[in-house]
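In the order they appear, the protein sequences are chains G and X. Residue numbers for the first sequence follow the working numbering, so the first one is 19 and each next one is one higher. Residue numbers for the second sequence follow the working numbering, so the first one is 430 and each next one is one higher. From the three backbone atoms N, C-alpha and C, an ideal C-beta is built for every residue, glycine too. To start, the structure itself, in structure tokens.
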Amino acid sequence: MRVTVTVNGTSESHDVETRMLLVHYLREVRGLTGTNIGCDTTSCGACTVLMNGESVKSCTVLAAQADGEEVTTIEAMAAPDGTLHPIQEAFREHHALQCGFCTPGMVMAVASFLDEHPTPTEAEVREGLEGNLCRCTGYHNIVQAVLAVAHSTELVP
Amino acid sequence: MSTAVAEGTATTGVVGTRMRRREDPALLSGESRFVHDLVVPGALHMVVVRSPHAHARVVSVDLSAASGMPGVVAAFSGADLAEEWATPMPCAWPVTPDMQSPAHLPVAVAEACYVGDAVAVVLAGTQAQAQDAAGEVAVVFEALPAAVDLEDAASDRVLAHADATSNRAYTWELTPDPDAVQRAFDGAAVTVKERYVQQRLIPAAMETRGVCVVPQPFGGEYVVYSATQIPHILRTMLGITAGVAEERIRVVAPAVGGGFGSKLDVYAEELLCLVLARRLRKPVRWSEERSEAALATIHGRGQIQEIELAADADGRVQAVRVHLLADMGAYMQLVTPGVPLLGAFLYHGTYDVPNYSFSCTGVFTNKTPTDAYRGAGRPEATYAIERAMDALARKIGADPAEVRRRNFIGADKFPYTSAAGLVFDSGNYEAALAAALELVDYEGLRAEQARRRAEGETRLLGVGLSSYVEMCGLAPSRVLASLNYVAGGWETATVRMLPTGKVQVVTGATPHGQGHETSWSMIVADKLGVSPEDVDVLHSDTAVSPLGLDTYGSRSLSVGGTAIALAADRLVDKARLLAAHRLEVAPEDLELSGGQFSVRGSPQSTVALGALAFEAFTAHDLPEGMEPNLEASCTYDPTNFTFPFGTHAAVVEVDTETGKVDLVRYAAVDDCGNQINPLIVDGQVHGGIAQGVAQALFEEASYDEDGTLLTTTFTDYLVPAASELPSFTLGRTVTPSPSNPLGVKGIGEAGTIASTPAVVNAVVDALSHLGVGDIAMPVSPERVWRSMGAAAPGTGGGR
């Protein structure tokens, strides 16, 4: 079937298999490999992207379901000049990543979470990110980074 | 020498500072390329057909239907590929001369020995085509009885390999003076005998494994991209096993998404991609699925431990005696048999115990092979001794902290020669314990615990301690030889200054999340007086870094980092000779500071290192006999392990009505000697704690009685999320290691080693007044609830 998806501001149309998942569409058809696949049961959140501004696990969405929608991936978070997004910057500042495999999905989940909870408590951050697994950091620094972004006056996510 | 909660030792320079990681921007922006991300035109996608039986004869493999499926290029059974292998798959650690190790082929030919054992492969143009076709491979199995339970397997009631005579692979003993151990037990005022089960764990790095082999038929080389911790070891082993000349293989580990030991191996799929690329003369790639990873990537732990302590009436331990059964799984992977040995010397923990006895029997079962998983042997040892010390404390009615204090190896006893035969480099265990108790407010917690008990509250409080020491920085090659390991423990480094004054560091260490590029650049920046931004770090490609022994066992800094520091020193030595030539002074009259050599006493007479690099490059005016270029190498073989230590304190609340355990506070004081980058040290400790907590409370690779793995997804295998963990309070003491010039010790595994017993001790502590002395891991609500009922009916679990 033919789908037209706006990804990171660019609209393209492609013929895809009806069974193709959004994550495979992003990685294989659009060549955006920043979105990773960490499981096959929608448990880990590594493939999290924004669809119309809200986080979705792109392994649980068919490419067909994204037809006509707007998708944002990790590749669009930094500014064109390479300036990191405040969330990315906070992750670096607080050493909130190690191997970095969960990181793109985690950053996208944080973006969506902060949109809905601009000034969260630590407990809210922990609950809000429970759909994203990280095996390296023990989450401590991820939580610190999210709280820092949320409670910073200069950084507007 | 210790200083409490200090950070680093540097007075100038960047070493010791919390420098932000240079690795991060590429990882944060999605730019980094993992194996799964590599675009390789024309690559065939391999899917592996696996045995659904724990143990079965492979009667027949019919590939005809699969071969006719759309896009399928080839399909092979184990028999079809039998001629591809020069040798069976490698095990590098035959721990005893008589160790049994059944031949392990990447694809089983006649007998499948665990659920997940490969029985066929299918190659097609796309992943989906290969998957569809794999479903059409018709394998006829004849099911055989399976050896599943470890103790049952040890009895040889059922054999894990049909043609074996026993499941017992080896027995390895460390008993320097058995009579003295027996005398200590005969004369002991108090003895403790405990049995603990180290459940199997699934490492679950967030990136599953992936391989892509690109043959260059006319160049004769194979480029192997693999999500591996060990490109160098892998290259050698691929060459030996597949019968390919080693120099024809180039292994590249691109961005690697975590390992924790699970990528410290030589896997069937790596070998398969290589021989199929050779056979088909096309690139072959394989991407592991998560549920496949649960079966096809090694598991960790899997031991039954029996530990006995003999103590005097005050709880001073006079002897430790340990017997282990260790679950090898179905086959020996790269270092499977050696994992228990990495803990074998450490079952007396941080305590000054004069008599020691250890034995371990490795046993085959029809389950996924086990191998090194974060800590490898040392978490198991630490768990046993730290749980047993709490049992001892309860038996003599003493506070667990006090029992530890009475038994610690004193700070004045280092270097300390242990009864097990190690020389512990440096330590101050009491200082770390004191700092941890203060950090967690131990006295306050004890008061609150007593209050809740007295008032009959249903949310009980428990505090658990774990004072650990571990041996890491693998390893002195001669020691490895004495343990029958077939390789050495050195590491290589090259430091070169390019004509423009920029610096390249080449290392044999292979990071997969540890931030090596940042740390190595910091070490070299300070050595040379340049900015860390001017130091590039090259790694993880055998064409760039031809020799190395890779990353595992918390070795990268103490071995690889030392090699880098020494190579940088050698570069400076050469530059000094050139500077002396240029300034017409004696080399010993020069001092290096801020990247400039200056003459002592006449500071206006200087030459910059960068200028010397250009002169060494042009080679127009070098001293007689000096070779061009500023470059130096070092292969460093450590003289000893390093022995990081510390005390962790876990605080739990246990709901007596539901059995639910909440980890509410966690304080960790670790001592890894000097720190290059405390920010990175913190991260290693955080992640390590989380993995150890996961073993204590959540994770278990569960098998049913037929040997089917029940926990193949993240919905069954409970890797903790942020919502299940608290923030961690970290402290540090700094006791430099005298064994290496940087004074550093490893920190990659310490958190995992320490945290598991701290958490379980905390749960038992919460319930100890009810008579609870042990709860099996993972400490699930059901197990907690049942333990209360079993310990004291009517006081907790019966309600």
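By Cβ distance, which residues of its chain are closer than 7 angstroms to residue i, with the 5 residues on each side in sequence left out?
{"i": "D1194(X)", "result": "G891, V892, G893"}
{"i": "S428(X)", "result": "With chain X covering only 430 through 1228, there is no way to say anything about residue 428(X)."}
{"i": "S691(X)", "result": "P632, A634, T726, I727, Y802"}
{"i": "Q116(G)", "result": "C154, T155"}
{"i": "V143(G)", "result": "V161, V164, L165"}
Return the first residue and the last residue of the beta strand (DSSP E) that residue i is part of.
{"i": "N1190(X)", "result": "Counting along the chain, N1190(X) falls outside any beta strand (DSSP E), though it belongs to the alpha helix (DSSP H) covering 1179 to 1196."}
{"i": "A1119(X)", "result": "It is not in any beta strand (DSSP E) - A1119(X) instead sits in the alpha helix (DSSP H) that spans 1107 to 1126."}
{"i": "K622(X)", "result": "619 to 630"}
{"i": "M475(X)", "result": "473 to 479"}
The alpha helix (DSSP H) with residue i in it runs from where to where?
{"i": "T670(X)", "result": "660 to 671"}
{"i": "F131(G)", "result": "121 to 134"}
{"i": "S855(X)", "result": "Element bounds for S855(X): n/a, residue is neither H nor E."}
{"i": "L457(X)", "result": "453 to 457"}
{"i": "D581(X)", "result": "579 to 583"}
{"i": "P975(X)", "result": "That residue, P975(X), is in no alpha helix (DSSP H); it is neither H nor E in DSSP."}
{"i": "A81(G)", "result": "Segment: none, A81(G) is in no alpha helix (DSSP H) and carries neither H nor E."}
{"i": "T811(X)", "result": "807 to 825"}
Return no unless some Cβ of chain X is closer than 8 angstroms to the Cβ of residue i.
{"i": "L165(G)", "result": "no"}
{"i": "R48(G)", "result": "no"}
{"i": "V41(G)", "result": "no"}
{"i": "T78(G)", "result": "no"}
{"i": "L68(G)", "result": "no"}
{"i": "A96(G)", "result": "yes"}
{"i": "H113(G)", "result": "yes"}
{"i": "E142(G)", "result": "no"}
{"i": "P122(G)", "result": "yes"}
{"i": "L132(G)", "result": "no"}
{"i": "A64(G)", "result": "yes"}
{"i": "L44(G)", "result": "no"}
{"i": "D99(G)", "result": "no"}
{"i": "N159(G)", "result": "yes"}
{"i": "Q180(G)", "result": "Outside the displayed span of chain G (19 to 175) sits residue 180(G), for which this structure offers no information."}
{"i": "G27(G)", "result": "no"}
Residues in the same chain with beta-carbon distance under 6 angstroms from residue i, minus the five sequence neighbours each way, listed in chain order, please.
{"i": "A742(X)", "result": "A618"}
{"i": "G27(G)", "result": "none"}
{"i": "T1137(X)", "result": "V544"}
{"i": "M666(X)", "result": "P519, V695"}
{"i": "T121(G)", "result": "L115"}
Chain G beta carbons: is any one of them nearer than 8 angstroms to that of residue i?
{"i": "F1143(X)", "result": "yes"}
{"i": "S1156(X)", "result": "yes"}
{"i": "S1209(X)", "result": "no"}
{"i": "V1148(X)", "result": "yes"}
{"i": "M528(X)", "result": "no"}
{"i": "P1170(X)", "result": "no"}
{"i": "I1118(X)", "result": "yes"}
{"i": "G545(X)", "result": "no"}
{"i": "L389(X)", "result": "The structure shown has nothing for residue 389(X), since chain X only spans 430 to 1228."}
{"i": "L473(X)", "result": "no"}
{"i": "S720(X)", "result": "yes"}
Is residue i near the ligand NAP, judged by its Cβ being under 7 angstroms from some heavy atom?
{"i": "D1066(X)", "result": "With respect to the ligand NAP, the structure offers nothing, as it holds no ligand at all."}
Excluding the five sequence neighbours on either side, which residues of its own chain have a C-beta within less than 8 angstroms of the C-beta of residue i, listed in chain order?
{"i": "V125(G)", "result": "I92, M95, H103, I105, Q106, F109"}
{"i": "V969(X)", "result": "Inspection of the sequence shows that residue 969(X) is occupied by Ser rather than by Val. Excluding residues within five positions, the ones whose Cβ falls inside 8 angstroms are P660, V681, A682, P683, V685, T939, P940."}
{"i": "G850(X)", "result": "L603, P605, F774"}
{"i": "G372(X)", "result": "Outside the displayed range of chain X (430 to 1228) lies residue 372(X), so it cannot be described from this structure."}
{"i": "L80(G)", "result": "T36, R37, M38, L39, L40"}
{"i": "V626(X)", "result": "Q732, I733, Q734, A1205, M1206"}
Give the C-beta separation of residue i and residue j to the nearest angstrom, bearing in mind that I take them to be a contact with Cβ-Cβ under 8 angstroms.
{"i": "V932(X)", "j": "W949(X)", "result": "Contact doesn't hold; Cβ gap of about 10 angstroms is too wide."}
{"i": "F1072(X)", "j": "V898(X)", "result": "5 angstroms"}
{"i": "V746(X)", "j": "Y776(X)", "result": "Between Y776(X) and V746(X) the Cβ distance is about 11 angstroms, and since that is not below 8 angstroms, they are no contact."}
{"i": "P829(X)", "j": "G1121(X)", "result": "Contact flag wrong, Cβ pair sits at about 18 angstroms."}
{"i": "R450(X)", "j": "G944(X)", "result": "5 angstroms"}
- prompt: Which whole runs of the beta strand (DSSP E) in the segment 986 to 1021 of chain X are 3 residues long or more, in chain order?
  reply: The segment 986 to 1021 of chain X contains no whole beta strand (DSSP E) run of 3 or more residues.
message: So within the segment 1033 to 1106 of chain X, which uninterrupted alpha helix (DSSP H) runs reach at least 4 residues, ignoring any that extend past its ends?
response: Taking only runs of at least 4 residues, the alpha helix (DSSP H) segments lying wholly in the segment 1033 to 1106 of chain X are 1038 to 1047.
task: At 3 residues or longer, and completely inside the segment 691 to 778 of chain X: list those beta strand (DSSP E) runs for me, N to C.
output: Those beta strand (DSSP E) runs which fall completely within the segment 691 to 778 of chain X and span 3+ residues are 713 to 716, 729 to 740, 746 to 758.
field: alpha helix (DSSP H) runs contained entirely in the segment 886 to 964 of chain X, provided each spans 4 or more residues
entry: Listed in chain order, the complete alpha helix (DSSP H) runs (minimum 4 residues) inside the segment 886 to 964 of chain X are 906 to 911, 945 to 957.
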